[in-house]
Amino acid sequence: MSRLQLLLLLTAGAFVSSAEAQAAYDQLPDDFKIGVDLALEQLRSHASIRHHFLFFKSLSKTKTETSFSVNYIYHNFYFKPTKCAKGTTDASPKRCPFRNDRSGYDVSYIYHNFYLKPTKCSKDTVDPNPKQCPFRNDRPLIDCAVCYKTFSGNIESEPKPYVNCVHKPALTEDMKTKRVEHCNKMAYSSGAVTLLGSTGKN
């Protein structure tokens, strides 16, 4: 198993209790449970893995039934580390709750593309509100793209947050492409999965 596959396998961002995750595992059809068990077995045999992991949640799964009792299974899921040591045999959810203090957990990579519209107030207005500062329709919009890494809901200083704002009439397709490429490089340099899978037109 490559490091990238291992990273993808271990990355999880949402918080769910161990008991809820165990209930999700228990509700899996047997055909899917055996795949999770196989993945856990391989994960535990990896020398670089130092923590005990449990099934966290399913992202997607399909089962294709063919003739002669042959089934093809696809199951995409997360594992998440627990507070128990690797090799723990009695890994009940009460004994081995999920840990949320490991790098990669509660980490998000954000990409947000939005418009800013000028108002009738000066830029020094302290507490603007829509009634005091209605939008102007005689100035161009500003198209902004930002991307950054957060940990526990706070913006991290590394990689440096990216902010790019351009008056909409001056924004070119090349500029849009460069924004996306820059943000993808930020995520890759941190060892994260792809930040933007699609750059479809709006």
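Sequence positions in the sequence shown follow mature numbering (1 follows the signal peptide of the UniProt record, and there is no 0) and run -21 to -1, 1 to 181.
Glycine residues also receive a C-beta, built at the ideal position from the N, C-alpha and C atoms.
Just so it is clear, the structure is predicted and the values come from calculations on it, not from any experiment.
So the candidates are H54, P72, N50, T43; which of them puts its Cα closest to the Cα of P60?
P72
Does DSSP put A124 in a helix, a strand or coil?
strand
If you draw a straight line from the C-alpha of K62 to the C-alpha of D69, how long is it?
13 Å
Does DSSP put H25 in a helix, a strand or coil?
coil
Leaving aside the five residues before and after Y51 along the sequence, list all residues of the same chain whose C-beta is less than 6 Å from its C-beta, in chain order.
T43
Decide if K96 is buried, meaning its Cβ has at least 16 other Cβ atoms within 10 Å, or exposed.
Counting the other Cβ atoms within 10 Å of the Cβ of K96 gives fewer than 16, which makes it exposed.
Quick check on this structure: which residue in G132, I121, T104 has the alpha carbon closest to the alpha carbon of V145?
Between V145 and the set G132, I121, T104, the nearest pair of CA atoms involves I121.
Please name the residue in H54, P76, D117, K110 whose C-alpha comes closest to that of P8.
H54
Under the rule that 16 or more other beta-carbon atoms within 10 Å means buried, what is R23, buried or exposed?
exposed
CA-CA distance, N116 and T104?
Roughly 19 Å between the two C-alpha positions.
Just to check my reading of the structure: Y64 and H31 have Cβ atoms closer than 8 Å, yes? What is that Cβ distance to the nearest angstrom?
Reading off the sequence, residue 64 comes out as Ala, not Tyr. Right, their Cβ atoms sit about 6 Å apart.
Identify every residue that forms a DSSP beta bridge with F35.
According to DSSP, which records beta bridges pairwise, F35 is partnered with nothing at all.
Between which two residues does the beta strand (DSSP E) harbouring A64 extend?
Element bounds for A64: 50 to 64.
Could you tell me which of Q111, C123, P119 sits nearest to N92, measuring between CA atoms?
C123
So, helix, strand or coil for T156, using DSSP?
Secondary structure at T156: helix, using DSSP grouped into helix, strand and coil.
Measuring alpha carbon to alpha carbon, tell me which of C126, Q111, D153, F77 ends up nearest N163.
C126
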